[in-house]
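**Student:** Per the working numbering, residue 3 is the first one in the sequence shown, and the count goes up by one each step.
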Amino acid sequence: MEKHAPRILIVDDDKAFIVATVALLKDEGYDITTATSGLDARKHIDERKFDLILSDLVMTGLNGIELLQYIKRKMPDATVMMVTGFGSVQTAVEAMRYGAYDYLTKPCHNEELLIKVRRAIQERNKTEEIERLRDLLESTANFSNIITRNAKMKQVFKLVRQVAGTDVTVLVLGETGTGKELIAKAIHLNSPRKEKPFVVVQCSAIPESLMESELFGHERGAFTGAARQRMGKFEEADGGTIFLDEIADVPLDIQTKLLRILQDKQVARLGSNTMITTDVRIIAATNRDLEVMATQGKFREDLLYRLNVFPITLPPLRERLDDLPLLAEYFLQKHQVLAVRPITEIAPSVIHAMMNYSWKGNVREVENLIKRALIKAEGTAITSIELPSLAGTVEPTNNEASETVTTTSIPYKKYLDQITRDAEQKYLVRILKECKGNLNQVARMMEIDRKTVYRKIEDYKIDVSQFKD
């Protein structure tokens, strides 16, 4: 967004003061508007937003105090500076109780006026930037802009909201690429710890020989090459949240130390016996079955119990195909910069093929393939996409391809809705088969109420009796 020159409104019935002040401030690059009365000023204030209002205190009709009160009722965060003669300084000071930022006395020294105006503009800019960042944080932290219309994902967001305000340890479960780190960050940003660090540790990327030092830190001389003391990730995250991604890859001896941190909130650097207390919330994630690993002796059972206080399971993309057109459109807009020219749409035939692919890499795979397609696109639309031919994937058949050709004449959004309905119907049929037509089980698996299941069955004209034993 292009930043405008600071806008200043000068309100004074002394025309000589206005002329001199306008000349001085315009030379500094400010955008100046003038008014010769309080009533005139009100009209400008109703029509336009100003970064600073310089108002005379003593005016006929509507005086400076009355104008200030009007401004503060309309715009409580407005920056107003009063201008007055020496004999009215006490009144100007009182005006600050009504919300005036500062005051100037006539005759004004140019340097003093410029210094106070610059300071007022700088402080306003700083305040607006803080508000912008706060709004951005809240926008990131809430879920009104999450790319989903899937019932299972909405249930995940409900769980995030429920647990975020607590200090409970969370275990995020899901396949690779489902967005486990995004969920962990959402928990942190919705928590009382949101102003503190969010430290990510990719456990699978750390060599086993370095993991203890990486997590807990080390003292100088603790091992060959330890030339100086180093703080570990748990100390870095003090007061905030640490996210241990792929916790299943942590060696058993390190798991023992993690257990101590969960129990006692204390950590010792490598090469030291001194315990350091850390106030850290732990969120762990894995794409593996920790219970199976525990029975195999590959993961400590007591650590699993400590981590699994509040589990959140993310559905794979193949179970939320109704989100696929939305995700594709989102990544199309997000990565436009990769294209040679603006790309306005994804061809319906491409969306159709994507809806029949298994998405082993989940949302991450969608993003990567859209980025690749944007780079290779030659027109204004993505007309082809490279879906890997992996075992177990479902490729479009000739019949599906020909069907796509005959339906591309309908509007793009309508076509996407048809594809989404088709995916939902196939998903419902698959669940009905798994549950052998038991609608109570179907409702539980789909995490929707029984009435909605009945409505969808009726909508798609599905004969439930064919799935029962």
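For each residue, glycine too, the CB sits at the ideal point set by N, CA and C.
Touching or not, the segment 170-182 and the segment 192-204, by the rule of three or more beta carbon pairs under 8 Å?
**Tutor:** Too few Cβ pairs lie closer than 8 Å, so no.
**Student:** Do the CB positions of Ile284 and Leu264 come within less than 8 Å of each other?
**Tutor:** Result yes, Cβ atoms of Ile284 and Leu264 sit closer than 8 Å.
**Student:** For Asp15, which residues in the same chain have their Cβ closer than 8 Å to its Cβ, ignoring the five residues on either side in sequence?
**Tutor:** Thr38, Ser39, Asp58, Met61 and Thr62, listed in sequence order.
**Student:** Three-state secondary structure (DSSP) at Leu59?
**Tutor:** Leu59 falls in the coil class under three-state DSSP.
**Student:** Where Glu321 and Tyr359 are concerned, what is the direct C-alpha to C-alpha distance, given to the nearest angstrom?
**Tutor:** Straight-line Cα distance between these residues: approximately 12 Å.
**Student:** State buried or exposed for Ile249, treating a residue as buried only when at least 16 other CB atoms are found within 10 Å of its CB.
**Tutor:** When all chains shown are included, Ile249 counts as buried.
**Student:** How do the segment 212-225 and the segment 296-310 stand: do at least 3 beta-carbon pairs fall below 8 Å, yes or no?
**Tutor:** Contact between the segment 212-225 and the segment 296-310 is absent, because fewer than three Cβ pairs lie under 8 Å.
**Student:** Can you tell me whether Ala2 is buried or exposed? The criterion is at least 16 other CB atoms within 10 Å of its CB, across all chains shown.
**Tutor:** No answer is possible for residue 2: it lies beyond the span of the chain, which begins at 3 and ends at 471.
**Student:** Between Pro350 and Thr382, which are expected to be in contact by the criterion C-beta below 8 Å, what is the C-beta distance as a whole number of angstroms?
**Tutor:** Not confirmed; about 15 Å, so no contact.
**Student:** How long is the line joining the alpha carbons of Thr35 and Val119, rounded to whole angstroms?
**Tutor:** Distance between the alpha carbons of Thr35 and Val119: 15 Å.
**Student:** Within 10 Å of its beta-carbon, does Phe84 have 16 or more other beta-carbons around it, so buried, or fewer, so exposed?
**Tutor:** For clarity, residue 84 is Met in the given sequence; the question names Phe instead. Buried, because 16 or more other Cβ atoms sit within 10 Å of the Cβ of Met84.
**Student:** Could you check what DSSP says for Gln204 in three-state terms: helix, strand or coil?
**Tutor:** If DSSP states are grouped into helix, strand and coil, Gln204 belongs with the strands.
**Student:** What does DSSP give as the partner residue(s) for His220 in the beta ladder?
**Tutor:** Paired residues: Arg232 and Leu272.
**Student:** Can at least three beta-carbon pairs, one atom from the segment 184-199 and one from the segment 151-169, be found at a separation below 8 Å?
**Tutor:** Judged by Cβ distances under 8 Å, the segment 184-199 makes contact with the segment 151-169, as three or more pairs qualify.
**Student:** Using only alpha-carbon positions, find the residue among Leu305, Thr315, Asp465 and Val365 that is nearest to Tyr332.
**Tutor:** Tyr332 has its Cα closest to that of Val365, out of Leu305, Thr315, Asp465 and Val365.
**Student:** Should Asp324 be labelled buried (16 or more other beta-carbon atoms within 10 Å of its own) or exposed?
**Tutor:** Buried is the call here.
**Student:** Quick check on Ser141: does DSSP put it in helix, strand or coil?
**Tutor:** With a pLDDT of 45 at Ser141, under the threshold of 50, the predicted position of this residue should be treated as unreliable, though the coordinate-derived value follows. Reduced to three states, the DSSP call for Ser141 is helix.
**Student:** For a test of the three-state rule: what should DSSP assign to Thr166, helix, strand or coil?
**Tutor:** Reading the sequence as shown, one finds Ala at residue 166 and not Thr. If DSSP states are grouped into helix, strand and coil, Ala166 belongs with the helices.
**Student:** Among Ser386, Asn275 and Val342, which one has its Cα closest to the Cα of Val352?
**Tutor:** Out of Ser386, Asn275 and Val342, Ser386 has the C-alpha closest to the C-alpha of Val352.
**Student:** For Val294, is the classification buried or exposed, using 16 other Cβ atoms within 10 angstroms of its Cβ as the cut-off for buried?
**Tutor:** So Val294 ends up on the exposed side.
**Student:** Compare the Cα-Cα distances from Asn127 to each of His190, Lys187, Thr81 and Ile348 and report the closest residue.
**Tutor:** That would be Thr81, whose Cα lies nearest to the Cα of Asn127.
**Student:** Quick one: residues in its chain with C-beta nearer than 8 Å to the C-beta of Val339, no 5 flanking neighbours on either side, listed in chain order?
**Tutor:** Correct list: empty, nothing qualifies.
**Student:** Beta carbon of Leu41, beta carbon of Leu64: below 8 Å?
**Tutor:** A contact, by the Cβ cut-off of 8 Å.
**Student:** Hey, how far is the Cα of Arg452 from the Cα of Pro327?
**Tutor:** Cα to Cα, Arg452 sits roughly 27 Å from Pro327.
**Student:** Could you please give me the residues that DSSP links to Lys108 through a beta bridge?
**Tutor:** DSSP output for Lys108 lists Gly87 as bridge partner(s).
**Student:** Considering only residues of the same chain and omitting the five flanking positions on each side of Glu216, which have a CB-CB separation below 8 Å?
**Tutor:** Contacts found: Val203, Ile208, Gly234 and Lys235.
**Student:** Would you call the CB atoms of Ile20 and Phe52 closer than 8 Å?
**Tutor:** The answer is no: Cβ separation not under 8 Å.
**Student:** If distances are taken between C-alpha atoms only, which option among Ala97, Gly363, Val466 and Glu388 comes closest to Arg374?
**Tutor:** Residue Glu388 is the option with its Cα nearest to Arg374.
**Student:** Is Asp247 helix, strand or coil when you go by DSSP?
**Tutor:** Looking at Asp247 - three-state DSSP - the assignment turns out to be strand.
**Student:** Looking only at its own chain, which residues have a Cβ that is under 8 Å from the Cβ of Ala153, when we skip the five neighbours before and after it?
**Tutor:** So the list reads Met448, Glu449 and Ile450, once near-sequence residues are dropped.
**Student:** Given Thr288, which residues of its chain have a CB within under 7 Å of its CB, disregarding the five upstream and five downstream residues?
**Tutor:** Excluding positions up to five away in sequence, the list reads Leu175, Glu248, Ile249 and Ala250.
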